[in-house]
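One line per chain: the protein sequences are C and Y, in this order.
Taking the working numbering, the leading residue of the first sequence gets 50, the next gets one more, and so forth.
Taking the working numbering, the leading residue of the second sequence gets 50, the next gets one more, and so forth.
Glycine is no exception: its CB is placed at the ideal position from the N, C-alpha and C atoms.
Number of protein chains: 2
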Amino acid sequence: MIEALKRYYGYLFEDELLEEIEKIGVYREVPEGFTLIDIGDYIKNMPLILSGAVKVLREDDKGDDLILYFIEQGDTCAMTITCCMGDTKSEIRAVAETDTKLIMIPVQKMQEWMHKYKSWQSFVLQSYHERMKELLEAIDTIAFLKMDERLLKYLRDKAMVNRDDLIHTTHQEIAHDLHTSRVVVSRLLKKLETDNKIKLQRNNIKIVDL
Amino acid sequence: MIEALKRYYGYLFEDELLEEIEKIGVYREVPEGFTLIDIGDYIKNMPLILSGAVKVLREDDKGDDLILYFIEQGDTCAMTITCCMGDTKSEIRAVAETDTKLIMIPVQKMQEWMHKYKSWQSFVLQSYHERMKELLEAIDTIAFLKMDERLLKYLRDKAMVNRDDLIHTTHQEIAHDLHTSRVVVSRLLKKLETDNKIKLQRNNIKIVDL
DNA sequence: TGTGTTATGTAACATTTGTTACACAGTAAA
DNA sequence: TTTACTGTGTAACAAATGTTACATAACACA
Numbered sequence: 050m051i052e053a054l055k056r057y058y059g060y061l062f063e064d065e066l067l068e069e070i071e072k073i074g075v076y077r078e079v080p081e082g083f084t085l086i087d088i089g090d091y092i093k094n095m096p097l098i099l100s101g102a103v104k105v106l107r108e109d110d111k112g113d114d115l116i117l118y119f120i121e122q123g124d125t126c127a128m129t130i131t132c133c134m135g136d137t138k139s140e141i142r143a144v145a146e147t148d149t150k151l152i153m154i155p156v157q158k159m160q161e162w163m164h165k166y167k168s169w170q171s172f173v174l175q176s177y178h179e180r181m182k183e184l185l186e187a188i189d190t191i192a193f194l195k196m197d198e199r200l201l202k203y204l205r206d207k208a209m210v211n212r213d214d215l216i217h218t219t220h221q222e223i224a225h226d227l228h229t230s231r232v233v234v235s236r237l238l239k240k241l242e243t244d245n246k247i248k249l250q251r252n253n254i255k256i257v258d259l
Numbered sequence: 050m051i052e053a054l055k056r057y058y059g060y061l062f063e064d065e066l067l068e069e070i071e072k073i074g075v076y077r078e079v080p081e082g083f084t085l086i087d088i089g090d091y092i093k094n095m096p097l098i099l100s101g102a103v104k105v106l107r108e109d110d111k112g113d114d115l116i117l118y119f120i121e122q123g124d125t126c127a128m129t130i131t132c133c134m135g136d137t138k139s140e141i142r143a144v145a146e147t148d149t150k151l152i153m154i155p156v157q158k159m160q161e162w163m164h165k166y167k168s169w170q171s172f173v174l175q176s177y178h179e180r181m182k183e184l185l186e187a188i189d190t191i192a193f194l195k196m197d198e199r200l201l202k203y204l205r206d207k208a209m210v211n212r213d214d215l216i217h218t219t220h221q222e223i224a225h226d227l228h229t230s231r232v233v234v235s236r237l238l239k240k241l242e243t244d245n246k247i248k249l250q251r252n253n254i255k256i257v258d259l
């Protein structure tokens, strides 16, 4: 038994299902920055995250990104469920935020288990629920917050999933994720530093006021 | 058999389920402007829309609204499923856009049918999928479009669900739905009129270029 | 050590959106 | 008709965000 599987999913699934997952699922490790799912991909597998974190992005018609949310261990990507069910293309991009370990479950099994295991059905529905809430939170963030607040929230979320208040990134990277320009990010970061919320160094941002 | 039930859901559900829906569901008519679900409500029923349209709104911390999308006949509100499952409060507000006819299904039945009828399970999952896509489209609109484009899209969507290119509303109403100010709406509407996309009269907006 | 590359800081300006204030038009009811 | 109310138009200004341009700092490595 993969130890992490037991740890993060053991309380959700009965032993029989855990064994099936281990037997049938494909274990995989991907490095930071790896694109797990891209927009337009047909999804044949559903990922269960064992460790690490993944950021989920939406793309505009010019090919520029916007972050929706991060997912972590114990999570799955409800979007993939959606796509598997409907046999449609992915609407989102999923990129490893850190080095990430996961188990891939083939679609057919996913469907089969919906009927076979009540705990799996609950998990899938629960995942939908969680993701729906995440999407609503993303909407709140985009629609109701100003850019400086969005930036701070982004940094805090990033610190959270990385379990490190020293964030390794560039202003350009942040600008991509927030769908704005590098200059705007630099300007607001400077303001946050002046307000003693963060400390800036090249390639690094330290969150002071977490 | 309620005629509309057969018409909009007949191709989805087997006869046995349709009969159960008719026997157990509560038929209801609500007038335009009626709040079907409010934020914080505990949901005990899931609505199936037979005719009319409903607008789904999100609220900011000051109590101001933002429209997410419209739903129509043949649709249900996936948010309610979410809430029923998790026994949590509603995250959204649902207001009748026009006079609306619907059937309310009690939560218990909803759960029961998930196991009993495959077509119901598919419908619920399909609804999740649809709503997820609507939420993503809402995000695209809010994040990627400028206010004038959002306004035009809003007017077109409204004309669509009302099946009428003459929209009966006020600038203030629109401002609420788009989470901006009346002055901004008036300004942009004037611009759209100048560009021959719409015609303005008091309490009415005629869409020219649909 | 010098050189090219990437990252950051910042000014100056443009555009978009939000706010305040007020005039006036259309409607309903006294 | 007068009056009060609601809805619309618009100016003037404020704030937020986006863009262009350029200087300099930090680093990578030949």
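Residue contact with chain C for Leu-184/Y: present (Cβ-Cβ distance below 8 angstroms to some residue of chain C). Secondary structure note for Lys-158/C: its alpha helix (DSSP H) is the uninterrupted segment 156-165.
Taking 8 angstroms as the upper bound on Cβ-Cβ separation, chain C lies near residues Tyr-177, His-178, Arg-180, Met-181, Lys-182, Leu-184, Leu-185, Ala-187, Ile-188, Asp-189, Ile-191, Ala-192 and Phe-193 of the region 177-205 of chain Y. Two segments are said to touch when three or more pairs of C-beta atoms, one from each, lie closer than 8 angstroms; by this definition the region 125-139 of chain C does not touch the region 237-256 of chain C. For the set Leu-61/Y, Gly-89/Y, Leu-184/Y and Pro-96/Y, the Cα lying nearest the Cα of Met-128/C is the one of Leu-184/Y. Of the residues assessed, Arg-56/C falls on the exposed side of the cut-off, its CB having fewer than 16 other CB atoms within 10 angstroms. Distances from the alpha-carbon of Asp-213/Y to those of Thr-190/Y, Val-156/Y, Gly-123/Y and Thr-147/Y put Thr-147/Y closest.
Chain-ordered, the chain Y residues with CB closer than 8 angstroms to the CB of Gly-135/C read Gln-175 and His-178. Look at Leu-106/C: its C-beta is not under 8 angstroms from any C-beta on chain Y. Runs of the beta strand (DSSP E) lying entirely within the region 95-161 of chain C and spanning at least 3 residues, in chain order: 102-108, 114-121, 142-145 and 149-155. Using a CB distance cut-off of 8 angstroms, His-225/C does not count as an interface residue toward chain Y. Contact note: Thr-147/C does not reach chain Y at a C-beta cutoff of 9 angstroms; the least C-beta distance is about 25 angstroms. For Leu-67/C, no CB of chain Y lies under 8 angstroms from its own CB, so it is not counted at the interface with that chain. According to the DSSP secondary-structure assignment, Asn-253/C is paired through a beta bridge with His-217/C and Gln-250/C.
Interface with chain Y (8 angstroms Cβ-Cβ cutoff): Thr-229/C is excluded.
Pro-96/C counts as buried, since at least 16 other C-beta atoms from the protein chains shown sit within 10 angstroms of its C-beta.
For a Cβ distance threshold of 9 angstroms, residue set Met-181, Lys-182 and Leu-185 of chain Y lies close to Glu-140/C, ordered along the chain. Scanning chain Y for C-beta atoms nearer than 9 angstroms to the C-beta of Thr-131/C yields Leu-174, Tyr-177, His-178, Met-181 and Lys-182, reported in chain order. Its Cα nearest to that of Gly-89/C, the residue Gly-112/C stands out among Gly-112/C, Lys-202/C, Leu-215/C and Thr-229/C.
Taking a 10 Å sphere around the C-beta of Ser-230/Y, we find fewer than 16 other C-beta atoms and assign the residue as exposed. Here the C-alpha atom of Glu-78/C lies approximately 26 angstroms from the C-alpha atom of Met-163/C. In this structure, the CA atom of Leu-54/C is about 12 angstroms from the CA atom of Lys-72/C. Under a criterion of Cβ atoms nearer than 8 angstroms, the residues of chain C adjacent to Asp-109/Y are, in order, Asp-189, Ala-192 and Phe-193. In this structure, DSSP gives Arg-212/C a state outside helix and strand, which the three-state scheme calls coil.
The alpha-carbon separation between Phe-172/C and Tyr-58/C amounts to approximately 10 angstroms.
Pairwise C-beta distances place the region 151-167 of chain C out of contact with the region 202-211 of chain Y, as fewer than three of them are shorter than 8 angstroms. For Thr-84/C, DSSP records a beta bridge to Val-144/C. Pairing Arg-236/C with Asn-252/C, the inter-Cα distance amounts to about 16 angstroms. When Cβ pairs closer than 8 angstroms are counted between the two stretches, the region 149-163 of chain C is seen not to touch the region 140-156 of chain Y, the count staying below three. The C-beta of Val-105/C has 16 or more other C-beta atoms within 10 Å across all chains shown, which makes the residue buried.
Against chain Y, the CB of Leu-115/C has a partner CB under 8 angstroms away; the residue lies at that interface. Membership of Tyr-76/C in the beta strand (DSSP E) is indicated by the continuous run 75-79. In this model, Phe-62/Y and Leu-99/Y are separated by some 14 angstroms (Cα to Cα).
Only exposed fits Glu-198/Y, as fewer than 16 other CB atoms lie within 10 angstroms of its CB. For Gln-221/Y, the CB contacts under 6 angstroms within the same chain, skipping 5 residues up- and downstream, are Arg-231 in chain order.
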